[in-house]
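Here is the structure we will look at, set down as structure tokens.
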Amino acid sequence: MHKFCKDHRRYEDHECTAPRDDGKVKTQVLSIAEINRRKDKCQGCRKKLTALNKTICEHCSLPVCLKHRFQSDHNCVGKKASRKKSKILQRNSGIQRSLEAHKEESKTQEVDSEFLPNGKCPTCGEEFADFVKLINHCEEHLLQEVSVHAACEEEESCPICQNKYPVSELVSHCEIVHALA
Numbered sequence: 001m002h003k004f005c006k007d008h009r010r011y012e013d014h015e016c017t018a019p020r021d022d023g024k025v026k027t028q029v030l031s032i033a034e035i036n037r038r039k040d041k042c043q044g045c046r047k048k049l050t051a052l053n054k055t056i057c058e059h060c061s062l063p064v065c066l067k068h069r070f071q072s073d074h075n076c077v078g079k080k081a082s083r084k085k086s087k088i089l090q091r092n093s094g095i096q097r098s099l100e101a102h103k104e105e106s107k108t109q110e111v112d113s114e115f116l117p118n119g120k121c122p123t124c125g126e127e128f129a130d131f132v133k134l135i136n137h138c139e140e141h142l143l144q145e146v147s148v149h150a151a152c153e154e155e156e157s158c159p160i161c162q163n164k165y166p167v168s169e170l171v172s173h174c175e176i177v178h179a180l181a
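Position 54 of the sequence shown, counted from 1, bears residue number 54 in the UniProt record's numbering, the numbering being contiguous throughout.
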């Protein structure tokens with residue numbers, strides 16, 4: 001390595017034969033993807049979210065800052081709860097449609113009781129001679145089940161922070177958030 005004076009330190013000034021790459025200067029072409037990359041921002045306060053202050057809400061899956069990490073702080077809509085309700089409703093509507101279709105078939109066709117494996121209700125064990133009565137009885141059990149599921153989704157307030165949560169999530173909320181209380 002040679003040392004040059006101030007007047008001869010550039011490549012052009014001392015007729016250097018070495019390549020023109022300077023180890024200290026790095027040039028880099030930025031791609032458009034890097035320039036346009038958006039940083040996550042908290043919806044509550046519009047702060048940029050970094051690895052240190054970012055958390056993902058368990059209920060709505062939104063990235064939020066630590067200040068807005070609780071459901072009540074960022075107006076959480078709770079997608080998980082709505083997904084559960086919609087799944088139950090979809091399942092029940094599908095069952096109801098199949099029962100209605102089966103009712104229509106049973107009205108048009110005469111069913112001989114000899115061909116029924118057993119005329120027992122699978123839920124309570126009550127026996128029926130008529131297949132239509134058995135179906136109606138099973139529908140009543142189904143409606144009772146649906147009302148039980150709907151009752152499980154009722155909201156209650158937390159005894160410590162007074163926020164409302166579905167009954168199924170209240171216990172986990174108290175254990176996680178108020179563990180030190």
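C-beta: ideal position from N, C-alpha, C; glycine also.
Take the alpha-carbon of L52 and the one of H173: they are about 23 angstroms apart.
Nearest to C57 by alpha-carbon distance, out of R46, K48 and S72, is S72. Burial is judged here by how many other beta carbons sit within 10 angstroms of a residue's own beta carbon; C45 has fewer than 16 and is exposed. When the alpha-carbon of E155 is set against those of P63, H141, K54 and L170, the nearest one is in L170. In this structure, DSSP gives S157 an extended state, which the three-state scheme calls strand. Bridge partners of T55 according to DSSP: V64. DSSP links E127 through a beta bridge to K120. If you look at K164, you'll find it in the beta strand (DSSP E) that goes K164 to P166. CA-CA distance, E175 to C158, rounds to 11 angstroms.
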